[in-house]
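Just below is one structure, and these are the notes that go with it.
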Amino acid sequence: MAAYAKTEIFYISIGFWLIVGVESYSGWSNYTLTIYPGGSVTIPCHYDKKYTQQKKSWFSGIDKTYKYTNTTEQNLSVIDHPDQSLFTVTMRNLQNKHNGHYYCVVETGEQPPIKTIYEPYLKIQSAPGVFVVNSSVSGHEGGDISVQCLYSSGYQNEVKQWCRYKDQRCYTVGRTDTSQNPSVQIRDDDGGRSFTVLMTGLRRTDSGWYFCSAGDAMNPVHINVTEAEPGKTKDTENKLLTVWLPVSAVLLLLLILISVFIWRLRRRPKQDEQQIRVRNGSRNNDAIYSKPEDPVIYSTINDENPNDADKDTTTYSTIDNIPGSEAKPPAGGTVYSSVAPHQQQQ
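In C-alpha cells:
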C-alpha cells in the first residue's frame, strides 16, 4: 500500500512539472515520430554531463507509467549510455494504442527536481509521414555512407531535412547556404517520394543520432563511424603505386620526347645551311687571271666527282671580260665553252 502511494505521488509530481513546463525541452517538441503498425523505433534522449549520475526515466503520457534506465522488457528497453551523455528508449511491436506523448525525464536533484529533456509524439500509421530504409548505418573513417529517407505523398511539398539530435544542426534539401557542411549532400527524388543523404569523408565525431524529417514528421537514424580499415589504407597506397607511378613515368617520357623533337626542329635549319655550304664548297671555281697582254682568259672548272664515268653531264660557263684586261670579247659579247671532266696527270 505504501509503495502504491509513493508511485502515485511520483506520477502526480511528474505530471505537475510537465504541466508547469519548468525546464522543459523544446528543441524537437513539435516533431512527430511516425511508425508502421507492428514496427519499432529507438529514441535517443540526450542530457547534460552533469546529470550522468542522476536518475533518468521514460514517462508515458498515455498510461502515466515510467521506466527507469537500464530496464529491459519484452517490448521496451531503456538503456543509459553515460559515455555518450544519452539514454535510448527502444519500443517494439507498436500499435495504435501507443499513439501519444512521451517524455525523457531527468531527476536533477535540484530545483526544479524534474527536467524534461525530450518530448516526442508517437503516431502509428499504415503510411508513415517519414520512414527510413535502415535505422542504423555504419561506415569507416574517411569513407562514405548513404541514408535513404522516404516520405508519403502528403509530405511531398514539405521541407525535407537531415538533422543531428545532439547539436540540433540541420541540412535542408535544395539549400545552398555556404554555412552547410559540403561533406553532407542531400538529393530529393520527387517522383520516388524519397530523399537521399550522402555523408562523405567520415570522421569519428560524425557518429551519433540523426533524423530525417519532412514537415513535422521525423524518423531517427543512428550513424556509427569506426576506424579506417588497415587493409583499405594499404590498398589505397598500392593503388597509388600501381596506377599513378606508371602514369607519371609515361607523362615524363612524353615530355622528354617533345622537348627533343622541338630541339631538333630548331637545330635543323643550321644543319641544312652547313650542308649546303659543304656541298657548294666541293665544287671549286679557280679563275686564273691572265696578264693584260694575254689575248685569252682561261678558267679551270673542277666537277665534284670527275671520276664518275656514269655521269654524262655538260657544264656551261659564262666567261665575262675582266676589267683591266687588254683582251676584248668577240663581237657577239658572249663566249660559249664546252667543259668535259678530265683526270689529273700523276
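With the first letter of the sequence shown counted as 1, position 182 gets the number 181 in numbering that gives the first Met the number 0; the numbers rise by one all the way through.
The beta carbon of each residue, even a glycine, is placed where N, CA and C say it ideally should be.
Assigned with DSSP and collapsed to three states, S39 falls in coil, not helix or strand. Excluding its 5 nearest sequence neighbours in each direction, F86 has C-beta neighbours in its own chain below 7 Å: C44, K55, T68, V77, I78, D79 and H80, listed in chain order.
Put simply, of N133, A126, Y50 and Q53 the residue whose alpha carbon is nearest the alpha carbon of V40 is N133.
Following the DSSP letters along the chain, one finds Q184 inside the beta strand (DSSP E) bounded by residues V183 to D188. Counting only residues of its own chain and dropping the five nearest sequence neighbours on each side, K48 has a CB closer than 6 Å to the CB of S84.
P111 carries a coil assignment under DSSP once its states are collapsed to helix, strand and coil. Per DSSP, D47 lies in no beta strand (DSSP E) and is assigned neither H nor E.
Its Cα nearest to that of M198, the residue R163 stands out among E72, R163, T70 and S247. D189 counts as exposed, since fewer than 16 other beta carbons sit within 10 angstroms of its beta carbon. The beta carbon of N74 is closer than 7 Å to those of M90, R91 and N92 in its chain, skipping five residues each way along the sequence. In this chain, the beta strand (DSSP E) harbouring V220 covers A216 to T225. Here G138 is bridged, per DSSP, to V224. According to the DSSP assignment, K55 belongs to the beta strand (DSSP E) that extends over K55 to S59. DSSP places D79 inside the beta strand (DSSP E), whose first and last residues are L75 to H80. In this structure, the beta-carbon distance from N223 to S137 falls below 7 Å. Separation of P127 and L149 (C-alpha to C-alpha, rounded to the nearest whole angstrom) is 9 Å.
When the five nearest sequence neighbours on each side are left out, the beta carbons in the same chain lying within less than 6 Å of the beta carbon of T51 are those of P81, in order along the chain. With a contact defined as Cβ atoms closer than 8 Å, N98 and I123 qualify at about 6 Å. Within the same chain, and ignoring the five residues on either side of V172 in sequence, the residues whose Cβ sits closer than 6 Å to its Cβ are K159, I185, D187 and F194. By the neighbour-count criterion, in which 16 or more other beta carbons inside 10 Å mark a residue as buried, P119 falls on the buried side.
Assignment of beta-bridge partners to V196 by DSSP yields V146 and I185. Taking C-beta atoms under 8 Å as the contact rule, F210 and V220 qualify, at a distance of about 6 Å. Going by beta carbons, V104 and Q53 fall outside the 7 Å limit. If you draw a 10 Å sphere on the C-beta of L252, you find fewer than 16 other C-beta atoms in it, and that means exposed. Per DSSP, A126 lies in no beta strand (DSSP E) segment and is marked neither H nor E. Taking a C-beta distance under 7 Å as the contact criterion, G38 and H100 do not qualify as a contact pair. For W161, the enclosing beta strand (DSSP E) covers residues K159 to R163. At least 7 Å separates the beta-carbon of V129 from that of A248.
Restricting attention to Y35, V246, W208 and A227, the CA atom closest to the CA of N95 is found in Y35. If the five residues before and after K66 are omitted, its C-beta is found closer than 7 Å to the C-beta atoms of S56, W57, L75 and V77, all from its own chain and listed in chain order.
DSSP lists no beta-bridge partner residue for A248. Between the alpha carbons of T71 and T204 lies a distance of about 29 Å. Residues of the same chain with a CB within less than 8 Å of the CB of S125, apart from the 5 flanking positions on each side, are Y35 and P36 in chain order.
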